[in-house]
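Engineer:
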Amino acid sequence: MSEKTILNFIRTVVYAMIVAVPLVFALNTMFPFIIVKSALFQSLAEIIIGLWGVLAITHREYRPQRTPLAMALFGFLAVLTFASLFGKDFFSSLWSMPARGLGLVSLWHFGLLFLALASLGKQIDFRKVFTVSVATSIVASASALLTYKDSYLFINFFKVEDSRPGGVFGNPTFLAGYLLFNIFIALWTLVKEEQWRAAKVISLTGIILGVAALFNTQTRGDMIALVMGLAVVLASWSWRRNSFVFVLVAILLSAGAFVVTVSKNAHFWGSIPGVVRLTSFDLSGSFATRLLVWRSAWQAFLDRPLLGWGWENYNLGFQHYYGPMLLKNSFQDTVFDKPHNLYLEYVVTGGALTLLAYLALMGVLLYYVLLRSNDNRYKAIMLGLWVAYFVRSLVIFDTIGTYLMFFLVAAWMDTRYRQQRGELPQQHGNHSSARMMPWIALALVAIPIYFVNWRMVYASYLEHSAANYYLLKRPQESLALFQEALEQNSIYRDYTMENFASVVKQSYAEGMMYPELQNLVPYLVREMEEVQKRHRDYYFYYLFLAEFKNQFHQFNRSYLQEASALAEKAVALSPNRQQIYYVMAKTKLLAGDRDAAYALLQKTIALNPAAGDPHFYFGILAYERGDAEVGRKEIARAKELGRVPNSPEEAEALGSLAGDIAHNYAEAIAYYQLALAMKPADTLANMIKLRLAIAYYFNGVKGSARDLFNEITASGTNLKALAIFPLIRPMLDEIGIVY
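For the sequence shown, position 719 (counting from the first letter as 1) is numbered 718 according to numbering that gives the first Met the number 0, and the numbering increases by one without interruption.
#1: Would you kindly work out how many angstroms separate the C-alpha atoms of L559 and G209, rounded to a whole number?
#2: For A609, which residues from the same chain have a beta carbon less than 6 Å from its beta carbon, with the 5 sequence-adjacent residues on both sides left out?
#3: For the alpha helix (DSSP H) holding G349, just list the boundary residues, first then last.
#4: Count the other CB atoms, across all protein chains shown, that sit within 10 Å of the CB of I9; report buried if there are 16 or more and exposed otherwise.
#5: What number of angstroms, rounded off, separates the C-alpha of L152 from the C-alpha of I723?
#6: Evaluate A773 with the Cβ neighbour count: other Cβ atoms within 10 Å of its Cβ, from every protein chain shown; 16 or more gives buried, anything less gives exposed.
#7: Is it true that the CB of L341 sits closer than 8 Å to the CB of S295?
#8: So, G176 versus T401, is the Cβ gap smaller than 8 Å?
#9: Run through the segment 11-59 for me and flag every whole beta strand (DSSP E) of 3 or more residues, listed as ranges in chain order.
#10: Rounded to the nearest angstrom, what separates E45 and Q517 at their Cα positions?
#11: Counting pairs of beta carbons, one from the segment 467-478 and one from the segment 59-74, are three or more of them closer than 8 Å?
#12: Could you tell me which uninterrupted alpha helix (DSSP H) segments, each at least 4 residues in length, are contained entirely in the segment 300-336, listed from first to last along the chain?
#13: Could you pull the start and end residues of the alpha helix (DSSP H) that G169 belongs to?
#14: Taking DSSP as the reference, what is the three-state secondary structure of T398?
#15: Identify whether F450 lies in helix, strand or coil by the three-state DSSP scheme.
#16: Comparing alpha-carbon positions, which option in L72, Q475 and W51 lies nearest F406?
#17: Give the single residue among G362, E344, A571 and V292 whose Cα lies nearest to the Cα of V334.
#18: What does the Cβ neighbour count give for H339, buried or exposed, with the cut at 16 atoms within 10 Å?
#19: Buried or exposed: where does D302 fall if 16 or more other Cβ atoms within 10 Å of its Cβ makes it buried?
#20: Entirely within the segment 450-488 and at least 4 residues each: give me those alpha helix (DSSP H) ranges in chain order.
#21: Can you have a look at F615 and say buried or exposed, based on whether 16 or more other CB atoms are within 10 angstroms of its CB?
#22: Does the structure place the segment 574-586 close enough to the segment 317-337 that three or more beta carbon pairs sit under 8 Å?
#23: What are the boundary residues of the alpha helix (DSSP H) that includes N685?
#24: What distance in whole Å lies between the Cβ atoms of A465 and L480, which are believed to be in contact at a cut-off of 8 Å?
#25: Who are the Cβ neighbours of P474 in its own chain at under 8 Å, not counting the five residues just before and after it?
#26: To the nearest angstrom, how far is it from the Cα of Q419 to the Cα of L369?
#27: Between G699, A82 and A198, which has its C-alpha nearest F129's C-alpha?
#28: Between which two residues does the alpha helix (DSSP H) holding T716 run?
#29: Pull up the distance between the alpha-carbon of L443 and that of V363, whole angstroms please.
#30: Alpha carbons only, please: which of A185, F300 and E649 is nearest the one belonging to V131?
#31: Which first and last residues belong to the alpha helix (DSSP H) in which H534 is found?
#32: Assuming L382 contacts L352 (C-beta within less than 8 Å), just tell me the rounded distance between them.
#33: With DSSP run on the structure shown, which of helix, strand or coil describes L199?
#34: Might you give, ordered along the chain, the residues of its own chain that have their beta carbon closer than 7 Å to the beta carbon of D732, omitting 5 neighbours on each side?
#35: Can you list, in chain order, the residues of its chain with a C-beta nearer than 8 Å to that of H108? Leave out the 5 residues immediately preceding and following it.
#36: Does the separation of the CB atoms of D125 and T414 fall below 8 Å?
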């Protein structure tokens, strides 16, 4: 393979990466908008890096140079890697989690991609690269705009459930960060093109649709970053041309900000996508929660100030200093594996050394913008992008979209720097001195492409199929697919195992048994114990195992004692987390120690009396303990705090408690109706209808009871085959039900 052929191949793969990574997704996988993008990026990057490596070996002009940006970037990656070696969970540092896929392995892929593109110099036409990127961002913008609110053109593909579309990225924040970079790139290509050609039309379209889509995502950090970045561009241009215009621009921007602030409650702003999120900003709401998270992050940094906890190990530091005031309504409120501040993330996960290395990298980029260019348009736009990225990073973390664009822009800036210094390589013809080396390189990169990237995606597909078979009430097929997924030995096998155990536990709670459960449960326990050992510093796996053993305590008499010990270890890692005390209370309740369970739930409430979840679960326990008055009071208090039944199962459970224990059948009817409104699975729905019919009967609404019993029998249910038939037979006879 000749030099020219290799270069053409690399260019083709670069274009493929720019298009495929943002746009490709697979809904039949777990984390469908991330897992495929991550695998695609790594595979295409490996091809580019491998072929560039051949050129670097055989052609001196393509070898990397010691530019300030290259040294700063690899200094940052080296420091972060070194810090992670001394972190708490190096496996998580390497691979991250499937919901993000941005571990050290991915970061080094980005770094080496930067080095390859920067070293190739003029052989990469960045004007075309950016035009293709902007064109791709137009499609990404359209995917969000077409699924915004009442637009249903692609609703089945993107599964939009609210007014914050994520389009081809699935997540509005992920999409917004990607678009932010492309808006500034489109602005650059727009002013750079001298004539109205296709590239100029693409750039203008990219700006218009990009801004509209970004505001439709309603991601406050990116919206503010965009406005500030564009203000910097405008101010920079006006300053260089006319100081009066600069002053006028500053006055108009300040006046605009003042008008929005004083009129934020006006109905007018609600009609503008995104602006309503800015005008509804409340210091006592999500921002107050963010401040609590940042305080915990700062305490975690002070605990390990030099090298931190390890990349992607933010959750391990956060758990120690979790503040109970974070719990609002549900235990899901307490899950934070990112501080939503990039600088805090780096200082917690990599320590002060990593943060300094990252700030040095940002400083070099600013140096490239301000001091190494004579092009004022370039300075203005790149300064605007720098400011926008810096601002968004104060409240948002990086994603695969922002990393892709960041490293592409960095490679371009490094190329411009070398061009100014006259250090760019020139192609010397069609050399063919090492025809076999490119094929050897491609064969070598095929190994990680297959054994890491492909298996990761295939295992995710199998896991998704297994979960779907569970939802279809087909446990035999689900079991076989989970086992096949685990046999792939994906880098995310631990997460697949956790999902497998969760599904088996949930199905058992719903009354659906997986095959050979007596053997399956001990197997899952052993496997999850191995997972817990690999992640021994994370409270979650101790708690997960405790919940699992609680669920299956009938299978082994020692499980409750083991669950109690696991929960104690979880408390040692996260002492103020209410969820752990709830699991401990459940263990005590199963062991027959209701007083201890009662005390634990009271402690949970005391950690944050304004949280709804502890009141909710305390109310359930009070009902089960026979104290209906306290149960009703606690459930009512939970409702006041915003904690209502979140699932058909919870609503059904409350209905049964209200009816069977408190004999408040009117209340039971309301809960059963709520459960049915949540559209439960058929098996659960039939059970709820049966309980609802019984509640109607005891509440004196015998006509409704008769209608519902007839509906149940018409659906094919054999009432005589039910375990409770002897109990309900008298009422069936009374209201004239034929069984």
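No residue lacks a Cβ here, since even glycine has one placed at the ideal position from N, Cα and C.
Here the structure is a predicted model, which is why all the values come from computation and not from measurement.
Structural biologist: Short version:
#1: Reading the sequence shown from its first residue, position 560 is the one you call residue 559. Reading the sequence shown from its first residue, position 210 is the one you call residue 209. Approximately 55 Å between the Cα atoms of the pair.
#2: For the purposes of this step, residue 609 is identified with residue 610 of the sequence shown, where counting begins at 1. Within its own chain, no residue has a Cβ closer than 6 Å to the Cβ of A609 once the five positions on either side in sequence are excluded.
#3: Start at 1 with the first residue of the sequence shown, and residue 349 comes out as number 350. G349 -> alpha helix (DSSP H) spans L341 to L370.
#4: The residue given as residue 9 occupies position 10 in the sequence shown. The residue in question, I9, is buried, as its Cβ has 16 or more Cβ neighbours within 10 Å.
#5: In the sequence shown, residue 152 corresponds to position 153, counting from 1. In the sequence shown, residue 723 corresponds to position 724, counting from 1. Caution applies to L152, whose pLDDT of 42 falls short of 50 and renders its modelled position unreliable; the model cannot decide the point.
#6: In the structure as shown, the chain begins at 0 and stops at 738. Residue 773 is therefore absent and cannot be evaluated.
#7: In the sequence shown, counting from the first residue as 1, residue 295 sits at position 296. In the sequence shown, counting from the first residue as 1, residue 341 sits at position 342. Result no, Cβ atoms of S295 and L341 do not sit closer than 8 Å.
#8: By one-based count along the sequence shown, residue 176 stands at place 177. By one-based count along the sequence shown, residue 401 stands at place 402. Yes. Within cutoff.
#9: Taking only runs of at least 3 residues, no beta strand (DSSP E) segment lies wholly in the segment 11-59.
#10: For the purposes of this step, residue 45 is taken as residue 46 along the sequence shown, with counting starting at 1. For the purposes of this step, residue 517 is taken as residue 518 along the sequence shown, with counting starting at 1. Computed Cα separation, rounded: 45 Å.
#11: Fewer than three pairs of CB atoms, one per stretch, sit closer than 8 Å, so the segment 467-478 makes no contact with the segment 59-74.
#12: Entirely contained in the segment 300-336, the alpha helix (DSSP H) runs reaching 4 residues are, in chain order, 313-319.
#13: In the sequence shown, counting from the first residue as 1, residue 169 sits at position 170. Per DSSP, G169 belongs to no alpha helix (DSSP H) and is neither H nor E.
#14: Locating residue 398 in the sequence shown gives position 399, where the first residue counts as 1. Coil, per DSSP.
#15: One-based indexing of the sequence shown puts residue 450 at position 451. Three-state result, F450: helix.
#16: Start at 1 with the first residue of the sequence shown, and residue 406 comes out as number 407. Here the closest residue by C-alpha is L72.
#17: Mapped onto the sequence shown, residue 334 falls at position 335. Checking every option, the nearest Cα to that of V334 belongs to V292.
#18: As a working note, residue 339 is residue 340 in the sequence shown. A residue is called buried when at least 16 other Cβ atoms come within 10 angstroms of its Cβ; H339 meets this threshold and is buried.
#19: Reading the sequence shown from its first residue, position 303 is the one you call residue 302. Exposed, because fewer than 16 other Cβ atoms sit within 10 Å of the Cβ of D302.
#20: If we require 4 residues or more, the alpha helix (DSSP H) runs fully inside the segment 450-488 come out as 454-470 and 474-486.
#21: Here residue 615 corresponds to residue number 616 of the sequence shown, with the count starting at 1. By the neighbour-count definition (other C-beta atoms within 10 Å, threshold 16), F615 is a buried residue.
#22: Yes, since at least three Cβ pairs between the segment 317-337 and the segment 574-586 fall closer than 8 Å, the two stretches touch.
#23: On the sequence shown, residue 685 is found 686 positions in, with the first residue counted as 1. Boundaries of the alpha helix (DSSP H) harbouring N685: D681 to F697, taken from the DSSP string.
#24: Numbered from its first residue, the sequence shown carries residue 480 at position 481. Numbered from its first residue, the sequence shown carries residue 465 at position 466. L480 to A465, Cβ: 4 Å. Contact.
#25: By 1-based counting over the sequence shown, the position of residue 474 is 475. Setting aside the 5 residues that flank it on each side, P474 is surrounded in the same chain by Y468, S506, M511, M512, Y513 and P514, each with a C-beta closer than 8 Å to its C-beta; the list follows chain order.
#26: Within the sequence shown, the letter at position 420 stands for residue 419. Within the sequence shown, the letter at position 370 stands for residue 369. Taking the straight line joining both Cα atoms gives about 14 Å.
#27: Here residue 129 refers to the residue found at position 130 when the sequence shown is read from its first residue. Answer by Cα proximity: A198.
#28: To locate residue 716, count along the sequence shown from 1; it is residue 717. If you look at T716, you'll find it isn't in any alpha helix (DSSP H); DSSP assigns it neither H nor E.
#29: Locating residue 443 in the sequence shown gives position 444, where the first residue counts as 1. Locating residue 363 in the sequence shown gives position 364, where the first residue counts as 1. The alpha-carbon atoms of L443 and V363 are separated by roughly 34 Å.
#30: The residue given as residue 131 occupies position 132 in the sequence shown. With distances taken between Cα atoms, V131 lies closest to A185.
#31: Here residue 534 is taken as the residue at index 535 of the sequence shown, counted from 1. That residue, H534, is in no alpha helix (DSSP H); it is neither H nor E in DSSP.
#32: Counted from its first residue, the sequence shown places residue 382 at position 383. Counted from its first residue, the sequence shown places residue 352 at position 353. Contact check for L382 and L352: beta-carbon distance about 28 Å, past the 8 Å limit, so the pair fails to qualify.
#33: Reading the sequence shown from its first residue, position 200 is the one you call residue 199. The question names Leu, but residue 199 in the sequence shown is Lys. Reduced to three states, the DSSP call for K199 is helix.
#34: By 1-based counting over the sequence shown, the position of residue 732 is 733. Once the five neighbours on either side are set aside, D732 has no close Cβ partner at all.
#35: Counted from its first residue, the sequence shown places residue 108 at position 109. F40, Q41, A44, E45 and I48, listed in sequence order.
#36: Counted from its first residue, the sequence shown places residue 125 at position 126. Counted from its first residue, the sequence shown places residue 414 at position 415. Checking the displayed sequence, the identity of residue 125 turns out to be Phe instead of Asp. In contact: F125 and T414 (Cβ atoms closer than 8 Å).
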